[in-house]
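Worksheet for the structure shown next.
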Amino acid sequence: MQQLRHLLSQAIGNGIGNQPVSLLNLACGRADETRVLADVFGKNGIQISGMDIRDRELDIARERWKKLLPDNAEAEFHVQNGTKLSTLKQLRDDFDVVFMRHQNYWNGDTTWKEIYDQALHRLDEDGMMVITSYFDREHNQALEAIQSLGAKLVTNIRNPDSRILLDAKGKSVDRHIAVFSKL
């Protein structure tokens, strides 16, 4: 997680102001990155809303993060399909940050494009959307899809220290990170 912390800090620079931050972590699974997100984005407080379709993974996230977050951070987790984000009334209307780690764009490009569209609609006018990717090709496809929805690419970084995974050729942890804003 130290690599992710460094990569996020490099990518966002001074992009977060002095106010508490609202962050939507889409397709979060067990939300392993929650502490890093709280530390990087939540210097003045943070409300993290995690979302995934896997209830069992979210149960693990709920149990873990109710004990391990800093005092200035809160987290809640919702079982929901990212393509139906607009129907989830428990969420706030706008988020300062939308975060997606290791999205699987090539595993259902139509689905992921809909998730990106829903995420951009929940993004505050001055907010940022941050994605990380395992693969080069997948990352490039995601960049193209998100920009085709009207987002502006602000930062795109290839992580030279990405940890190689052996379960698929060309796969590594947080291989790329990209930051988008609304146009």
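With the numbering used here applied, the sequence shown covers -10 to 172. Ideal Cβ positions, reconstructed from N, Cα and C, are used throughout, including at glycine. Just so it is clear, the structure is predicted and the values come from calculations on it, not from any experiment.
Could you give the C-beta distance for residue i and residue j, rounded to a whole number, given that I count them as a contact under 8 Å?
i	j	result
A16	I37	Wrong, their Cβ atoms sit about 14 Å apart, outside the cutoff.
H91	T121	6 Å
N145	F88	The Cβ separation is near 16 Å, so there is no contact.
M40	V86	Actually they do not touch by this definition, with Cβ atoms about 14 Å apart.
D177	D113	There is simply no residue 177 to check, as the chain begins at -10 and stops at 172 in what is shown.
A50	R24	Not really, about 11 Å apart at Cβ, beyond 8 Å.
L138	Y105	6 Å
A108	L74	7 Å
For residue i, which beta-bridge partners are listed by DSSP?
i	result
Q8	According to DSSP, which records beta bridges pairwise, Q8 is partnered with nothing at all.
N14	G39, F88
S170	M117, K141
E63	Q36
R147	H165
I153	S161
Could you tell me if the beta carbon of residue i falls within a distance shorter than 7 Å of some heavy atom in the ligand MG?
i	result
V86	This structure simply doesn't include the ligand MG, nor any ligand for that matter.
Look up residue i in the DSSP assignment and say whether it is helix, strand or coil.
i	result
I49	helix
S38	strand
F124	coil
D98	helix
L112	strand
V162	coil
A27	helix
Which same chain residues, not among the five before or five after residue i, have their C-beta less than 7 Å away from its C-beta?
i	result
E184	Because the chain is modelled from -10 through 172, residue 184 falls outside the range shown and cannot be assessed.
R81	S11
F30	I5, V10, L12, V86
F169	M117, M118, I135, A140, K141, L142, V143
In chain order, what residues of the same chain lie with their CB nearer than 8 Å to the CB of residue i, ignoring the 5 residues before and after it?
i	result
Q(-8)	N148, D150, S151, R152, V162, D163
D21	M(-10)
Using C-beta distances below 6 Å, list every residue in its chain close to residue i, excluding the 5 sequence neighbours before and after it, in chain order.
i	result
Q69	M40, L77
Shorter than 8 Å from the beta carbon of residue i to some beta carbon of chain B?
i	result
R152	In the structure shown, chain B cannot be found, because there is only a single protein chain.
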